[in-house]
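Q: Residues in the sequence shown are numbered from -17 upward in steps of one, following this note's numbering. Ideal Cβ placement from N, Cα and C applies to all residues, glycine included.
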Amino acid sequence: MRRSSYGFIAIAVALLFIPLSLKPADTLPLQIPDVAFWRMVTGFSEEAGSFRFQYMSNEREFAALIPELKKSTKPGGVYLGVGPEQNFSYIAALRPRIAFIFDIRRENMLEHLIYKAVFEMSPTRVEFVSRLFSRRTPAGLSDKSTVSELFQAFGRVPGDAQLFTQNLEAIKDLLVKNRRFLLTSQDQSEVDGVYRTFFNAGPGFPYPGRNFGAFFGGSYADLMTARDDDGEPRSYLAGEDSFQFLRDIERRNLIVP
């Protein structure tokens, strides 16, 4: 994406973020019950469209947009987004009360449910990255580690098949048994496939979209370590505070895919 596109994207995201001044705080929920959450996920959804599926964002320039977006929005509003993980970085920066993720692809919703489960099961960024990619945690990492240290360390660790199997079972148990989301057998098969892609590719390799190559030839690690024009890391895993904000609203069912 060329730098000349920054302004358009910034305006689009800003328009989709409804500021608190337009919506009284007491009309926004503090938590959504599981039944209501699933009713929203299914009730707001149309029949899935056919479009190429990408496992991660191609928005490598998101870090440069976030400082401007923070200047033009207020915390506590409603966030509307589209696509995969780049929404977490915007949400962590803008701090809405509730977020809705739209996408033509049902696989995107299922990928967000995988993220939801991994967030909920992971008290720290270190445990989150370990679960997301099914890698054993390297020695020396802590909640004080930088995002670069995090991905450099995990980038040297091979995938663990036993850990993958355990994690996948735990993810589906949380979604189906604990949260009681009514995932079909096809949905669960898609969850298996998406999560296996994360396991097979790992944090340091490009994520291909289904039936086509990666947009920018980068990796998940590249996106997570992206910096703004002042050299500040801006991804949702750049700091523990951002991660904990996301984990909290995921646990309260306030990110609705």
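Does the beta-carbon of Asp267 have 16 or more other beta-carbons within 10 angstroms, so that it is buried, or is it exposed?
A: Residue coverage of the chain in this structure runs from -17 to 239, which leaves residue 267 outside it and unanswerable.
Q: Give, in chain order, every unbroken run of the beta strand (DSSP E) that is at least 3 residues long and sits entirely within the segment 7 to 65.
A: Fully enclosed beta strand (DSSP E) runs of 3 or longer: 60 to 64.
Q: State the Cα-Cα distance for the pair Arg138 and Leu92, rounded to the nearest angstrom.
A: Looking up residue 138 in the sequence shown gives position 156. Looking up residue 92 in the sequence shown gives position 110. Distance between the alpha carbons of Arg138 and Leu92 is about 28 Å.
Q: Extract the residue ranges of the beta strand (DSSP E) inside the segment 67 to 122, only unbroken runs of 3 or more that lie entirely within it.
A: DSSP runs (the beta strand (DSSP E)) wholly in the segment 67 to 122: 80 to 84.
Q: Need the endpoints of the alpha helix (DSSP H) that Tyr202 sits in, please.
A: Along the sequence shown, one-based indexing puts residue 202 at 220. Its alpha helix (DSSP H) spans residues Tyr202 to Met206.
Q: Drop a sphere of 10 angstroms on the beta-carbon of Ala85, count the other beta-carbons inside from all chains shown, and report buried for 16 or more, exposed for fewer.
A: Reading the sequence shown from its first residue, position 103 is the one you call residue 85. Before going on, a small fix: residue 85 reads as Asp here, not Ala. Asp85 comes out buried.
Q: Given this structure, state the Cα-to-Cα distance separating Gly200 from Gln68, to the nearest angstrom.
A: What you label residue 200 is simply residue 218 of the sequence shown in a count that begins at 1. What you label residue 68 is simply residue 86 of the sequence shown in a count that begins at 1. Straight-line Cα distance between these residues: approximately 14 Å.
Q: Relative to the alpha-carbon of Ser167, which residue among Lys154, Asp230 and Met206 has its alpha-carbon at the smallest distance?
A: Sequence index remark: in the sequence shown, residue 167 carries index 185 (1-based). Closest by alpha carbon: Lys154.
Q: Please name the residue or residues paired with Pro215 in a DSSP beta bridge.
A: Position 233 of the sequence shown, counted from the first residue, corresponds to residue 215. Bridge partners of Pro215: Arg209.
Q: Relative to the alpha-carbon of Leu47, which residue among Ala75, Leu10, Gly122 and Val108 has its alpha-carbon at the smallest distance?
A: Residue mapping note: residue 47 aligns to position 65 of the sequence shown, counting from 1. The shortest C-alpha separation from Leu47 is found at Ala75.
Q: Whole angstroms are fine: how far does the CA of Ser124 sit from the CA of Ile83?
A: For the purposes of this step, residue 83 is taken as residue 101 along the sequence shown, with counting starting at 1. For the purposes of this step, residue 124 is taken as residue 142 along the sequence shown, with counting starting at 1. Answer to the nearest angstrom: the Cα atoms are 31 Å apart.
Q: Do you know offhand how far Arg118's Cα is from Gly141's?
A: On the sequence shown, residue 118 is found 136 positions in, with the first residue counted as 1. On the sequence shown, residue 141 is found 159 positions in, with the first residue counted as 1. Those two C-alpha atoms are separated by around 8 Å.
Q: Kindly confirm or deny that the segment 99 to 111 and the segment 127 to 135 touch, where touching means at least three C-beta pairs closer than 8 Å.
A: Short answer: they touch.
Q: Output needed for Arg113: all residues of its chain with C-beta closer than 7 Å, excluding positions within five of it in sequence on either side, in chain order.
A: Position 131 of the sequence shown, counting from 1, holds the residue named residue 113. Result list for Arg113: Val100, Met103, Ser104 and Asn149, in chain order.
Q: Out of Ser71, Ile14, Phe163 and Leu228, which has the shortest C-alpha to C-alpha gap to Pro49?
A: Here residue 49 corresponds to residue number 67 of the sequence shown, with the count starting at 1. The residue with the shortest Cα to Cα distance from Pro49 is Ser71.
Q: Terminal residues of the continuous alpha helix (DSSP H) containing Val173?
A: Stepping through the sequence shown from its first residue, residue 173 is reached at position 191. Residues Ser167 to Ala183.
Q: Going along the chain, which residues of its own chain have a beta-carbon closer than 6 Å to the beta-carbon of Asn235, five neighbours each way excluded?
A: Start at 1 with the first residue of the sequence shown, and residue 235 comes out as number 253. Within the same chain, Asn235 has close Cβ partners Ile14 and Phe19.
Q: Round the Cβ separation of Lys98 and Ile231 to the nearest angstrom and send it over; I've been treating them as touching at under 8 Å.
A: Sequence index remark: in the sequence shown, residue 98 carries index 116 (1-based). Sequence index remark: in the sequence shown, residue 231 carries index 249 (1-based). About 10 Å; that fails the 8 Å criterion.
Q: Would you decide whether Gln144 is buried or exposed? Buried here means 16 or more other CB atoms lie within 10 Å of its CB.
A: The residue labelled residue 144 in the question sits at position 162 within the sequence shown. Counting Cβ neighbours within 10 Å, Gln144 comes out exposed, since fewer than 16 surround it.
Q: Keeping to the same chain, check which residues put their C-beta closer than 6 Å to that of Phe163; ignore five residues upstream and five downstream.
A: In the sequence shown, residue 163 corresponds to position 181, counting from 1. If we look at Phe163 and ignore the five residues flanking it on each side, its Cβ neighbours are Trp20 and Leu157.
Q: Cα separation between Ile96 and Tyr177?
A: For the purposes of this step, residue 96 is identified with residue 114 of the sequence shown, where counting begins at 1. For the purposes of this step, residue 177 is identified with residue 195 of the sequence shown, where counting begins at 1. Each residue's alpha carbon lies about 7 Å from the other.
Q: What do you get for Phe44, buried or exposed, if any count of 16 or more other CB atoms within 10 angstroms of its CB means buried?
A: Position 62 of the sequence shown holds residue 44. Buried, because 16 or more other Cβ atoms sit within 10 Å of the Cβ of Phe44.
Q: Between the Cα of Gly186 and those of Ala135, Arg77, Glu41 and Pro57, spot the shortest distance and give me the residue it belongs to.
A: The residue given as residue 186 occupies position 204 in the sequence shown. If we check each option's Cα against that of Gly186, Ala135 comes out closest.
Q: Mapping the DSSP letters down to three states, classify Val158 as helix, strand or coil.
A: Here residue 158 refers to the residue found at position 176 of the sequence shown. In the structure shown, Val158 sits in a helix (DSSP, three-state: H, G or I).
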